[in-house]
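Report on the following structure.
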Amino acid sequence: MKASWRTILLWALPALVIGFFLWQGSFAPNPATMGKNTASTRMTYGRFLEYLDANRVKSVDLYDGGRTAIVEAVDPELDNRLQRLRVDLPSSAPELITRMRDDGINLDSHPTRNDGAVWGLLGNLVFPVLLLGGLFFLFRRSGNVPGGPGQAMSFGKSRARFQMEAKTGVMFDDVAGIEEAKEELQEVVTFLKKPERFTAVGARIPKGVLLVGPPGTGKTLLAKAIAGEAGVPFFSISGSEFVEMFVGVGASRVRDLFKKAKENAPCIIFIDEIDAVGRQRGAGIGGGNDEREQTLNQLLTEMDGFEGNTGIIIIAATNRADVLDSALLRPGRFDRQVTVDVPDIKGRLEILNVHARNKKIAPEVSLDAIARRTPGFSGADLANLLNEAAILTARRRKEAITILEIDDAVDRVVAGMEGTPLVDSKNKRLIAYHEIGHAIIGTLVKAHDPVQKVTLVPRGQAQGLTWFTPSEDQGLISRAQILARITALWAVEPPKK
Ligand code: ADP
């Protein structure tokens, strides 16, 4: 919207200026044609003298300081009809006036109107005023556009980009399936609630906790739950928000964040994706990144700067603890590391139970079966799965989520959107044989995971799919299982000789 405004203005400005000059040229009053006596026909000075000699001139109105005259003369060739003609007079002909007076011609003189000068002055003023006004307007507008030139003027001020939630409303009950992490962090809640219990015996309260785990496993949720349980405000910012084009902006954001946090202590500061700023310094090709290093240094300084007992606990999340700068991990900073992993079958069931709380699910649906079908799903995947199923239920105008919607939602989350059905053709038959091949071998070979479903409905990249249900989470698999898988794959797609 803002960009289009600028375009309009860029076009409108020259158009306005040109329009003004055109208008001035065509409509602005011309002294020669002003007044009640106007005449369109022009007569030469010589002819005027001839008319005078022939006594045909009746009256002369002088304009423009005597330089223009509107002459009324009779024309004998046209039945002595009165004609009105315009004559340009030479400036130095004083004897002409005497002669006309002597001839008894009706003489009149009209003062010069000064409008021309006024209009000229205005014309000269309008252009620069319009130009300056337009430029000012453009400059002001571009100042509002993120990343526009106006931004450069205010970079030092670093608008804080963190969010603050006075009450997160999340409790430990809302986080499921990651019991070890929860237990570890339970203590942090006690630090925040009853710090005196620790300080009384001389214990130093930890400043930072690093949550390490793949995306969607509930790290943010866990941090919010700590704040919720302890009843303290929750400040959150993403590591990537610190890193800016200008050196020093990130550092000033860190300062802002800690300043605000100190005002609101006790509180939790949550830094997501800390690897964006906390990467090993000086590593990588092409040397260091000044801005990132300064930001990290500022973060380290701030963490050292406040005493452990101020009640600020920093929780950072990453899925790449290995790339973090060792200075961040040393005691006194993020000295506690808590691993948050993808849940096992029991964890998945608990997470499903948490997210099924506010959904209407048909009684015959077994959450246990869903947990079994979804190995490798993170907490976020499971939440998404139930939400997709609920959306499908609403779309199908059903009362409660049934197993059909759950099935469709799992298929959708795992394999992607449903494609257009295949048309009956040789290709469809071949795909059917191919999928049945997978299914038969999967059923006949004992060590293979049982077949759950065979389908010819295309999803994502695949035109047909055979689904297997692993009976349990598989960290390690046996030789027999590997052989069974190879058999199923080989039987359908024998190696080309
Ligand atoms: P991360 O920060 O690890 O990327 P989030 O905490 O942002 O993941 O998780 C996203 C969403 O997934 C949460 O809001 C929650 O709805 C759901 N979720 C993830 N893990 C869990 C869990 N352990 N228990 C309950 N819900 C979870």
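Position in the sequence shown (from 1) plus 1071 gives the number in the numbering used here. C-beta: ideal position from N, C-alpha, C; glycine also.
Asked	Found
May I ask whether a heavy atom of ligand 1 can be found less than 7 Å away from the beta carbon of Leu1423?	no
Kindly examine ligand 1 and report whether one of its heavy atoms sits closer than 7 Å to the Cβ of Val1280.	no
Per the DSSP calculation, Asn1177 is bridged to which residue(s)?	Ser1130
Go ahead and pull the three-state DSSP assignment for Val1452.	The amino acid occupying residue 1452 in the given sequence is Asp; Val does not appear at that position. DSSP places Asp1452 in helix when its eight states are reduced to three.
Hey, Ile1385 and Gly1240: beta-carbon distance below 8 Å or not?	no
Work out the CA separation of Pro1199 and Ala1144 for me, nearest whole Å.	48 Å
Compute the beta-carbon to beta-carbon distance between Ala1518 and Ala1555, rounded to the nearest angstrom, for a pair I have assumed lies under 8 Å.	4 Å
Answer with buried or exposed for Ala1337, where buried requires no fewer than 16 other C-beta atoms within 10 angstroms of its C-beta.	According to the sequence shown, residue 1337 is Pro rather than Ala. By the 10 Å Cβ count, Pro1337 comes out buried.
What residues are listed by DSSP as bridge partners for Thr1537?	Val1525
Look at Ile1416 and Arg1391 and say whether their C-beta atoms are less than 8 Å apart.	no
For my contact list, Phe1305 and Glu1236 are in at a C-beta cut-off of 8 Å; report their separation, rounded to the angstrom.	5 Å
Quick test of your reading: Ala1296 and Gly1418, contact by CB under 8 Å. State the CB separation rounded to the nearest angstrom.	Ala1296 to Gly1418, Cβ: 16 Å. No contact.
Could you please give the first and the last residue of the uninterrupted alpha helix (DSSP H) stretch that includes Gln1257?	Glu1250 to Lys1264
If contacts are defined as beta-carbon pairs under 8 Å, then Met1114 and Arg1157 qualify, I think. What distance do you get, rounded to the angstrom?	7 Å
Tell me the rounded alpha-carbon separation between Asn1368 and Val1325.	10 Å
Quick check on Leu1370: buried or exposed, where buried means 16 or more other Cβ atoms within 10 Å of its Cβ?	buried
Below 6 Å CB to CB, which residues in the same chain sit around Ile1345 once its five sequence neighbours on both sides are set aside?	Gly1310, Ala1387 and Thr1389
Mind checking which residues open and close the alpha helix (DSSP H) that includes Val1325?	Val1320 to Glu1334
Buried or exposed: where does Pro1414 fall if 16 or more other Cβ atoms within 10 Å of its Cβ makes it buried?	buried
Count the other CB atoms, across all protein chains shown, that sit within 10 Å of the CB of Asp1174; report buried if there are 16 or more and exposed otherwise.	exposed
Do you know offhand how far Gln1222's Cα is from Leu1493's?	Here Gln1222 scores only 45 on pLDDT, less than 50, and its place in the model should not be relied on; the value that follows carries that caveat. Looking at the two C-alpha atoms, the distance is approximately 53 Å.
Among Lys1431, Asp1412, Gly1349 and Leu1420, which residue has its Cα nearest to the Cα of Arg1401?	Gly1349
Give me the Cα-Cα distance between Gly1106 and Val1131, rounded to the nearest whole angstrom.	In this prediction, Gly1106 scores a pLDDT of 45, lower than 50, which makes its location untrustworthy; no coordinate-derived value is stated.
Quick one, are the C-beta atoms of Phe1329 and Ala1294 less than 8 Å apart?	no
Give me the DSSP bridge partner(s) of Phe1306.	Met1235 and Ile1340
In chain order, what are the residue ranges of uninterrupted beta strand (DSSP E) at least 3 long that sit wholly in the segment 1147 to 1172?	1152 to 1159
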